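J.:
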Amino acid sequence: MAMATQIVMDHTGDTRHEFDPKKADELKAAEERFRELTGLGFTASERIGPGETQLLREFKPDAQETIFFPRLKGG
Amino acid sequence: MDALLRQAEEHLGIFLRVRGRDAPRRIHNIRVSREWLDDLLTLTFEFEERRHFRFHVSLYDLRRSRLPPPHIVERELDRLHYRLLRDHLEHVEMRACRRRYEAALRCTAGPNEVAYLRSRMDAELEQIRSSITRTTFQISEDLLRGDAYTATAVSEQSALTIEMMRDAMRRMECGVPDRDFRLVGPDGRVWQNERDFYGFYAGAQRSLFETPNFFGIDFAADEQAEKKAAKLLRDWLSPAQLAEYERDSSFTVTGGATGIRYRIRQGRQQNIEELDAKGRAVRVLCFLPDGGLATGDVMLAQKIALETNEHYALQVANRFPVEPFVDFPFDLRAGAENYLPERHSWMSGRWS
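One line per chain: the protein sequences are A and B, in this order.
Residue numbers for the first sequence follow my numbering, beginning at 14 and rising by one.
Residue numbers for the second sequence follow my numbering, beginning at 16 and rising by one.
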């Protein structure tokens with residue numbers, strides 16, 4: 014399996030965190046990052062196809078690309 | 016109406032006297048106009064000595080204020096004005112207060128500190144609400160000195176500018192690194208990536224009180240962030256959406272829960288249209304991720320939210336009409352009922 018990526022939207026555009034799902038320590042760090050971000054109100058979505066995403070409420074170890082964006086607010 | 020004018024004079028007089036300015040003598044009229052490009056009403060107080068004072072009211076707030084229907088008589092217009100005045104003050108002051116605390120909350124991670132800040136914010140908001148009779152307009156000398164129609168109108172943005180600058184200064188004094196920001200002057204000049212908050216603050220003060228100019232301030236993603244975000248958006252759009260986006264600078268998404276279609280236009284705010292079966296916009300929605308993200312990021316977050324978590328997105332979204340809400344300008348004293356046809360639902364309580 015190729016390297017997986019967590020993409021976090023921020024004021025620089027985005028910050029990418031790559032990890033190897035086969036390596037337990039990297040997987041654990043990715044899971045912690047997922048919990049930390051969702052705990053802060055970020056929404057996590059996994060890319061499941063071209064232009065298609067699905068909401069992730071729990072960490073999914075085999076997700077290849079997960080994108081995080083901050084809590085939504087009315088504008 | 017005379018009572019209303021005298022009240023308005025009193026408000027303005029207090030405001031000016033505490034700033035060491037001459038109070039206006041007599042207001043002889045109040046005019047209402049609509050900014051044609053945005054969602055603002057402008058109320059202009061006209062003084063006998065040919066001075067003018069203007070302030071802006073968000074139509075969004077106006078709609079939320081549940082104004083009294085249905086017959087437009089002078090008494091109702093008086094009420095309308097008071098609601099406008101009160102709502103405007105609440106809008107300016109409370110929003111500035113929220114922004115201050117939100118900035119502090121963004122720098123705070125500890126749950127106890129967050130809870131403390133939230134409780135302080137709630138207390139301060141309540142205080143503002145209860146003492147809203149104070150006038151807190153930010154006003155330019157120039158507006159009172161000369162002809163308002165050649166001067167720059169002072170909007171709520173000015174108040175926010177000062178508040179945000181003060182906040183930026185506080186953050187800097189506390190050693191909190193801030194994002195880059197840009198200042199946009201009314202003449203279109205832009206200062207970007209400037210870090211001299213003190214200089215900006217002083218400049219804005221001069222601008223507010225010594226010249227007709229005032230600044231708008233916007234936390235902005237820099238050019239590099241915009242490029243990265245635009246690339247990310249393109250990568251995550253479906254082929255059909257990408258083709259549409261490259262053709263029209265907008266793309267269509269389908270709500271994951273309702274099947275309703277939405278058009279997301281290039282932009283960060285009020286850039287989502289809910290479409291009917293024939294593809295016509297029926298309302299404008301506004302929601303975006305917090306944090307001053309670049310445009311592409313905002314649009315991508317809006318797409319993902321509508322496709323995967325539509326109910327939540329709709330829950331936080333503010334809604335705006337597609338149609339202009341009323342045919343301004345009209346004169347409050349000149350039989351306004353002629354200008355407020357029944358179909359404008361805000362007056363008949365049918366605003367949705």
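Yeah, the Cβ is synthetic: ideal placement off N, Cα and C, and Gly gets one too.
Predicted model only: the values in this text are computed from it and were never measured.
Quick one: which residues of the stretch 46-68 of chain A get their C-beta closer than 9 angstroms to a C-beta of chain B? List them in chain order.
T.: So the close ones are Leu53, Gly54, Phe55, Thr56, Ser58, Arg60, Gly62, Pro63, Gly64, Glu65, Thr66, Gln67, Leu68.
J.: Mind checking the stretch 282-308 of chain B against chain A and listing, in chain order, the residues whose C-beta falls within less than 7 angstroms of any C-beta there?
T.: Here the close residues are Gln284, Gln285, Cys301, Phe302, Leu303, Pro304, Asp305, Gly306, Gly307, Leu308.
J.: Step through the CB atoms of chain A and report whether any lies within less than 7 angstroms of the CB of Arg98(B).
T.: Walking along the second sequence from the start, residue 98(B) turns up at place 83. Residue confidence is low: Arg98(B) scores 47 on pLDDT, short of 50, so the model does not pin down where it sits. No coordinate-derived value is stated.
J.: May I ask which residues mark the beginning and end of the beta strand (DSSP E) holding Arg48(A)?
T.: Here residue 48(A) refers to the residue found at position 35 of the first sequence. Careful: Arg48(A) lies outside any beta strand (DSSP E), inside the alpha helix (DSSP H) at 37-52.
J.: Suppose you measure from the CA of Asn286(B) to the CA of Ala130(B); what does that come to, to the nearest Å?
T.: As a working note, residue 286(B) is residue 271 in the second sequence. As a working note, residue 130(B) is residue 115 in the second sequence. Cα to Cα, the separation comes out at about 33 angstroms.
J.: Within 10 angstroms of its Cβ, does Glu141(B) collect 16 or more other Cβ (buried), or is it exposed?
T.: Stepping through the second sequence from its first residue, residue 141(B) is reached at position 126. Label assigned to Glu141(B): exposed.
J.: For Gln239(B), go through chain A and note every residue whose CB falls closer than 9 angstroms to its CB, in chain order.
T.: As a position in the second sequence, residue 239(B) is number 224, starting the count at 1. Under the 9 angstroms cutoff, chain A gives Thr25, Gly26.
J.: Taking the alpha helix (DSSP H) that Glu325(B) falls in, what are its first and last residues?
T.: For this step, residue 325(B) is matched to residue 310 along the second sequence. Looking at the DSSP string, the run of the alpha helix (DSSP H) that includes Glu325(B) is 325-331.
J.: Taking Cβ to Cβ, would you say Glu78(A) is nearer than 7 angstroms to Thr18(A)?
T.: Counted from its first residue, the first sequence places residue 78(A) at position 65. Counted from its first residue, the first sequence places residue 18(A) at position 5. For Glu78(A) and Thr18(A), yes; Cβs fall inside 7 angstroms.
J.: Which whole-angstrom value describes the C-beta separation of Leu68(A) and Asn324(B), a residue pair presumed to lie in contact below a C-beta threshold of 8 angstroms?
T.: If you number the first sequence from 1, residue 68(A) lands on position 55. If you number the second sequence from 1, residue 324(B) lands on position 309. Right, their Cβ atoms sit about 5 angstroms apart.
J.: Measuring straight from C-alpha to C-alpha, what distance separates Ile374(B) and Asp23(A)?
T.: Past the edges of chain B, shown from 16 to 367, lies residue 374(B), and the structure says nothing about it.
J.: Please list the terminal residues of the continuous beta strand (DSSP E) segment that includes Ala296(B).
T.: Mapped onto the second sequence, residue 296(B) falls at position 281. It spans 296-304 - the beta strand (DSSP E) in which Ala296(B) sits, taken as one unbroken run.
J.: Is the beta carbon of Phe302(B) less than 7 angstroms from the beta carbon of Ala272(B)?
T.: Translated into the one-based positions of the second sequence, residue 302(B) becomes position 287. Translated into the one-based positions of the second sequence, residue 272(B) becomes position 257. No, Cβ-Cβ distance for Phe302(B) and Ala272(B) is not below 7 angstroms.
J.: Do we get a CB-CB distance below 7 angstroms when we pair Ile319(B) with the residues of chain A?
T.: The sequence position of residue 319(B) within the second sequence is 304, counting from 1. It does; some Cβ of chain A falls within 7 angstroms.
J.: What is the rounded straight-line gap between the Cα of Gly62(A) and the Cα of Arg115(B)?
T.: Position 49 of the first sequence holds residue 62(A). Position 100 of the second sequence holds residue 115(B). Computed Cα separation, rounded: 41 angstroms.
J.: From Ile279(B) to Ser253(B), what distance separates their C-alpha atoms?
T.: For the purposes of this step, residue 279(B) is taken as the residue at position 264 of the second sequence. For the purposes of this step, residue 253(B) is taken as the residue at position 238 of the second sequence. Whole-angstrom Cα-Cα distance: 14 angstroms.
J.: Might you give, ordered along the chain, the residues of its own chain that have their beta carbon closer than 7 angstroms to the beta carbon of Arg249(B), omitting 5 neighbours on each side?
T.: Sequence index remark: in the second sequence, residue 249(B) carries index 234 (1-based). The answer, listed in chain order, is Leu257.
J.: Just confirm the distance between the C-beta atoms of Asp27(A) and Lys243(B), as a whole number of angstroms; I'd bet it's less than 8 angstroms.
T.: Position 14 of the first sequence, counted from the first residue, corresponds to residue 27(A). Position 228 of the second sequence, counted from the first residue, corresponds to residue 243(B). Asp27(A) to Lys243(B), Cβ: 6 angstroms. Contact.
J.: Would you mind giving the Cβ-Cβ distance between Leu53(A) and Pro304(B), rounded to the nearest angstrom? I have them listed as a contact below 8 angstroms.
T.: Here residue 53(A) refers to the residue found at position 40 when the first sequence is read from its first residue. Here residue 304(B) refers to the residue found at position 289 when the second sequence is read from its first residue. The Cβ separation is near 12 angstroms, so there is no contact.
J.: If you draw a straight line from the alpha carbon of Ala15(A) to that of Pro74(A), how long is it in whole angstroms?
T.: Your numbering for residue 15(A) matches position 2 in the first sequence. Your numbering for residue 74(A) matches position 61 in the first sequence. If I take the Cα positions, the gap works out to 13 angstroms.
J.: Going by DSSP in three states, Arg133(B) sits in which element: helix, strand or coil?
T.: Position 118 of the second sequence, counted from the start, is the residue given in the question as residue 133(B). In this structure, Arg133(B) counts as helix in the three-state DSSP scheme.
J.: State buried or exposed for Ala37(A), treating a residue as buried only when at least 16 other CB atoms are found within 10 Å of its CB.
T.: Along the first sequence, one-based indexing puts residue 37(A) at 24. Exposed.
J.: Grouping DSSP H, G and I as helix and E and B as strand, with all else coil, what is Asp23(A)?
T.: Translated into the one-based positions of the first sequence, residue 23(A) becomes position 10. Strand, per DSSP.
J.: Taking Cβ-Cβ distances shorter than 7 angstroms, what residues in chain E pair up with Asn127(B)?
T.: In the structure shown, chain E does not exist; the protein chains are A and B.
J.: Please go through the same chain and pick out, in chain order, the residues whose beta-carbon is closer than 8 angstroms to the beta-carbon of Leu290(B), but skip the five residues on each side of it.
T.: Taking the first residue of the second sequence as 1, we reach residue 290(B) at position 275. Thr267, Ile275, Arg276, Tyr277, Arg278, Ala296, Val297, listed in sequence order.
J.: Chain A beta carbons: is any one of them nearer than 7 angstroms to that of Ser265(B)?
T.: Within the second sequence, numbered from 1, the residue matching residue 265(B) stands at position 250. With 7 angstroms as the cut-off, Ser265(B) does not count as an interface residue toward chain A.
J.: For Thr25(A) and Ala57(A), I'd like the C-alpha separation in whole angstroms.
T.: Locating residue 25(A) in the first sequence gives position 12, where the first residue counts as 1. Locating residue 57(A) in the first sequence gives position 44, where the first residue counts as 1. Roughly 18 angstroms between the two C-alpha positions.
J.: Mind checking Ala43(A): buried by the 16 CB within 10 Å criterion, or exposed?
T.: For this step, residue 43(A) is matched to residue 30 along the first sequence. Burial call: buried.
J.: Spatial neighbours of Glu3(B) within its chain, please: CB distance less than 8 angstroms, with the 5 preceding and 5 following residues excluded, ordered by chain position.
T.: Residue 3(B) cannot be examined here, being either before or after the span of chain B that is shown, 16 to 367.
J.: If you count every other CB in all the chains shown that lies within 10 Å of the CB of Ala111(B), and 16 or more means buried, which is it?
T.: To locate residue 111(B), count along the second sequence from 1; it is residue 96. When all chains shown are included, Ala111(B) counts as buried.
J.: For Lys41(A), return the contacting residues in chain B, with the cut-off set at a CB-CB distance below 7 angstroms.
T.: Along the first sequence, read from residue 1 onward, the residue named residue 41(A) stands at position 28. Going along chain B, no residue has its Cβ under 7 angstroms from Lys41(A), so there is no contact; the nearest lies around 21 angstroms.
J.: Which same chain residues end up closer than 7 angstroms to Tyr260(B) when comparing Cβ atoms and leaving out the 5 residues on each side of it in sequence?
T.: Working through the second sequence from its first residue, we reach residue 260(B) at position 245. Leu252, Phe266, listed in sequence order.
J.: From Lys41(A) to Ile80(A), what does the alpha carbon distance come to, in whole angstroms?
T.: Walking along the first sequence from the start, residue 41(A) turns up at place 28. Walking along the first sequence from the start, residue 80(A) turns up at place 67. Computed Cα separation, rounded: 17 angstroms.
J.: Taking the alpha carbon of Phe47(A) as the reference point, which residue from His30(A), Glu31(A), Phe72(A) has its own alpha carbon closest?
T.: As a first step, residue 47(A) is located in the first sequence; it is residue number 34 there, counting from the start. Nearest option by C-alpha distance: Phe72(A).
J.: Name, please, each residue of chain A whose Cβ falls closer than 7 angstroms to the Cβ of Glu322(B).
T.: On the second sequence, position 307 is the one that residue 322(B) refers to. Near Glu322(B) (Cβ distances below 7 angstroms), the residues of chain A are Thr66.
J.: Should Ala316(B) go down as buried or exposed, given a rule of 16 or more other Cβ atoms within 10 Å for buried?
T.: On the second sequence, position 301 is the one that residue 316(B) refers to. Answer is buried; the Cβ neighbour count reaches 16.
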